[in-house]
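Below you'll find the structure, written out as structure tokens, and then a few comments.
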Amino acid sequence: MTRPHLPLRLRLDGAALVSNWRWLARMSGTAACGAAVKANGYGLGAAEIAARLEEAGCRDFFVATWAEAKALLPSLGDASLSVLHGLAAEDVPVAATSRARPVLNTPLQVARWREAGQGRSCDVMIDTGMNRLGLSLRDITDGLLEGLNIETLMSHLASADEDVPMNRAQRDAFAFLADKVPARRLSLANSAGICLGTDYAFDLTRPGLALYGGIPRQEAEGHIGQVVRLEAQIIQRRSISSGDAVGYNATFVADRDMELAILNLGYADGYLRGFSGRGRARIGEDFAPVVGRVSMDLTAICVDGAPELQEGDWIELDLDLPNASEQSGLSQYELLTVMGNRHDRIWS
Ligand SMILES: *Cc1c(COP(=O)(O)O)cnc(C)c1O
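Sequential numbering of the sequence shown, starting at 5, is according to the numbering used here.
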């Protein structure tokens, strides 16, 4: 059977992915550099990403759930895989036979792993001020972790993308625990945390966003390259006259005669309505603005300066993450993870 044609695609740059990881690894100093590939590799495809990074030398991967771990393990060699959301009662049968490690976050999860883990190694998350996941400092000093086989003790920075005193406070709280918990490795920094300097790197770093081309802090500018390009096919080209409206609710009315291209791309593909009237496509060195509302499956752009563009041609949207974040009001993280499943994913 012929595979149906997909009029929307992501072009994924494997060399840029690896080069981003290498830069983050260098910035991590003597610490090992892992990779957060949760949420299907931030929407880009965890299996393809992990395979490329493992080949490049990455030895530590992080997913959120056991379902993500199960999906990813067949694509991993012998690199380590940690499951950040720990160990719910329902996870025990899967976790007991998986080679992935739970990241234990609560006293109940610790108790479960003592029972189910049979002495196998685990990771432990400590909360140092974010008040999201992790044991509190108090839990630990009470001897909760005694005798546990801990590979990596970790914590997570709340505001590493900003210059605030909280970063240093979290770092110091974490360092204070280093000799109190018998873990083989310590891990604190995400992408932004790596940019804060090797003081924050400890033994293992856990970047996500910057691997995929996100710029977490200005230190990464010029070093982190774009990994994903979004291309949509023109389904129709049309001419409109001054006074004509475009799209749902006629939010755009032309003040002159105009040329439009209607793209196979909409909010169901993660091109959310924040791009209405604000997003843009690339045409050579120029930009073609989005006009009117983004629909579920369609977006109109103005192609006045491009008479050569035809129905069936492909158009690249401007998905440079910092720019697109500005245009849409979405964070760089959201831009990646809302992408959806209707794209062809083409790696080079
Ligand atoms: C998602 C996540 C990361 C990666 O964070 P980025 O900001 O994307 O680099 C690291 N550690 C934990 C615990 C996470 O949940």
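All residues carry an ideal CB built from backbone N, CA and C; glycine is no exception.
For this session: Kindly list the residues whose CB is nearer than 6 Å to the CB of Asp348, restricted to its own chain and excluding five residues on each side of it in sequence; keep chain order.
Result: Here the question's residue 348 lines up with position 344 in the sequence shown. Counting only residues of its own chain and dropping the five nearest sequence neighbours on each side, Asp348 has a CB closer than 6 Å to the CB of Leu10 and Arg13.
Problem set entry | Runs of beta strand (DSSP E) lying entirely within the region 164–199, each at least 3 residues, in chain order | 187–191
Problem set entry | Cβ-heavy atom distance, Leu88 to ligand 1, below 7 Å | Indexing the sequence shown from 1 puts residue 88 at position 84. Yes - ligand 1 has a heavy atom lying nearer than 7 Å to the Cβ of Leu88.
For this session: Examine ligand 1 and report whether any of its heavy atoms sits within less than 7 Å of the Cβ of Asn24.
Result: Numbered from its first residue, the sequence shown carries residue 24 at position 20. The answer is no for Asn24.
Exercise. Touch check for the region 138–150 and the region 103–120: three-plus C-beta pairs under 8 Å?
Worked result: With the cut-off at 8 Å, the region 138–150 and the region 103–120 touch.
For this session: Compare the beta carbon distance of Ala60 and Val22 with 8 Å and say whether it is the shorter of the two.
Result: Numbered from 1 along the sequence shown, position 56 holds the residue referred to as residue 60. Numbered from 1 along the sequence shown, position 18 holds the residue referred to as residue 22. Cβ distance < 8 Å, so Ala60 and Val22 count as in contact.
Problem set entry | Unbroken alpha helix (DSSP H) run spanning Glu223, endpoints | Here residue 223 corresponds to residue number 219 of the sequence shown, with the count starting at 1. From DSSP, Glu223 is part of no alpha helix (DSSP H); its letter is neither H nor E.
For this session: May I ask you to report which of helix, strand or coil DSSP gives Pro293?
Result: Numbered from 1 along the sequence shown, position 289 holds the residue referred to as residue 293. Here DSSP, grouped into helix, strand and coil, assigns Pro293 to strand.
Problem set entry | Top-ranked residue by Cα proximity to Gly316, from Thr202, Gln240 and Thr255 | Indexing the sequence shown from 1 puts residue 316 at position 312. Comparing Cα-Cα distances from Gly316 to each of Thr202, Gln240 and Thr255, the minimum goes to Gln240.
Exercise. In the structure shown, what three-state DSSP assignment does Ser378 receive?
Worked result: Because the chain is modelled from 5 through 352, residue 378 falls outside the range shown and cannot be assessed.
For this session: Determine the closest residue to Tyr252 out of Gly281, Asp261, Ser243 and Asp259, with distance taken between C-alpha atoms.
Result: Within the sequence shown, the letter at position 248 stands for residue 252. Checking every option, the nearest Cα to that of Tyr252 belongs to Gly281.
For this session: Take the Cβ of Phe178 as the centre, count every other Cβ of all protein chains shown within 10 Å, and call the residue buried at 16 or more, exposed below.
Result: Against the sequence shown, residue 178 aligns to sequence position 174. So Phe178 ends up on the buried side.
Problem set entry | Enclosing alpha helix (DSSP H) for Glu320 [first to last residue] | Against the sequence shown, residue 320 aligns to sequence position 316. In the DSSP assignment, Glu320 falls outside any alpha helix (DSSP H) and lies within the beta strand (DSSP E) extending over Trp318 to Leu321.
Exercise. Name the DSSP bridge partner or partners of Phe65?
Worked result: Taking the first residue of the sequence shown as 1, we reach residue 65 at position 61. DSSP output for Phe65 lists Ala39 and Leu85 as bridge partner(s).
For this session: Report buried or exposed for Lys42, applying the criterion of at least 16 other Cβ atoms within 10 angstroms of its Cβ.
Result: Position 38 of the sequence shown holds residue 42. The residue in question, Lys42, is buried, as its Cβ has 16 or more Cβ neighbours within 10 Å.
Exercise. Is the region 299–312 touching the region 214–228 in the sense that three or more CB pairs, one from each, lie closer than 8 Å?
Worked result: no
Exercise. Bridge partners of Asp416, per DSSP?
Worked result: This structure does not reach residue 416, given that the chain is present from 5 up to 352, and the question cannot be answered.
Problem set entry | CA-to-CA distance, Ala272 to Ala50, given in whole angstroms | Here residue 50 corresponds to residue number 46 of the sequence shown, with the count starting at 1. Here residue 272 corresponds to residue number 268 of the sequence shown, with the count starting at 1. Roughly 21 Å separates the two Cα atoms.
For this session: Could you pull out every residue in the same chain whose Cβ sits closer than 8 Å to the Cβ of Glu225, ignoring the five residues on either side in sequence?
Result: As a first step, residue 225 must be located in the sequence shown, where it is residue number 221. The residues are Ile219.
Exercise. Bridge partners of Phe256, per DSSP?
Worked result: Here residue 256 refers to the residue found at position 252 of the sequence shown. Val250.
Problem set entry | Residue span of the alpha helix (DSSP H) that contains Asn24, given as start and end | For the purposes of this step, residue 24 is taken as the residue at position 20 of the sequence shown. First-last of the alpha helix (DSSP H) with Asn24: Gly18 to Met31.
Exercise. Which residue comes first and which comes last in the beta strand (DSSP E) that contains Arg286?
Worked result: In the sequence shown, residue 286 corresponds to position 282, counting from 1. Arg286 -> beta strand (DSSP E) spans Arg284 to Ile287.
Problem set entry | Any heavy atom of ligand 1 nearer than 5 Å to the CB - residues listed | Ala40, His160, Asn194, Ser195, Arg210, Pro211, Gly212 and Leu213
Problem set entry | Cβ separation of Asn24 and Ala214, assumed to be a contact under 8 Å, to the nearest whole Å | Reading the sequence shown from its first residue, position 20 is the one you call residue 24. Reading the sequence shown from its first residue, position 210 is the one you call residue 214. Rounded, the Cβ-Cβ distance is 6 Å, consistent with contact.
Problem set entry | Nearest residue (CA-CA) to Ala83, options Ala36, Gly47 and His89 | Counted from its first residue, the sequence shown places residue 83 at position 79. Considering only alpha carbons, the answer is Ala36.
Exercise. Roughly how many angstroms separate the alpha carbons of Arg118 and Pro186, rounded to a whole number?
Worked result: Within the sequence shown, residue 118 is the residue found at index 114, counting from 1. Within the sequence shown, residue 186 is the residue found at index 182, counting from 1. Taking the straight line from one Cα to the other gives about 16 Å.
Problem set entry | CA-to-CA distance, Met134 to Gly333, given in whole angstroms | Stepping through the sequence shown from its first residue, residue 333 is reached at position 329. Stepping through the sequence shown from its first residue, residue 134 is reached at position 130. In this structure, the straight-line span from the alpha carbon of Gly333 to that of Met134 is close to 24 Å.
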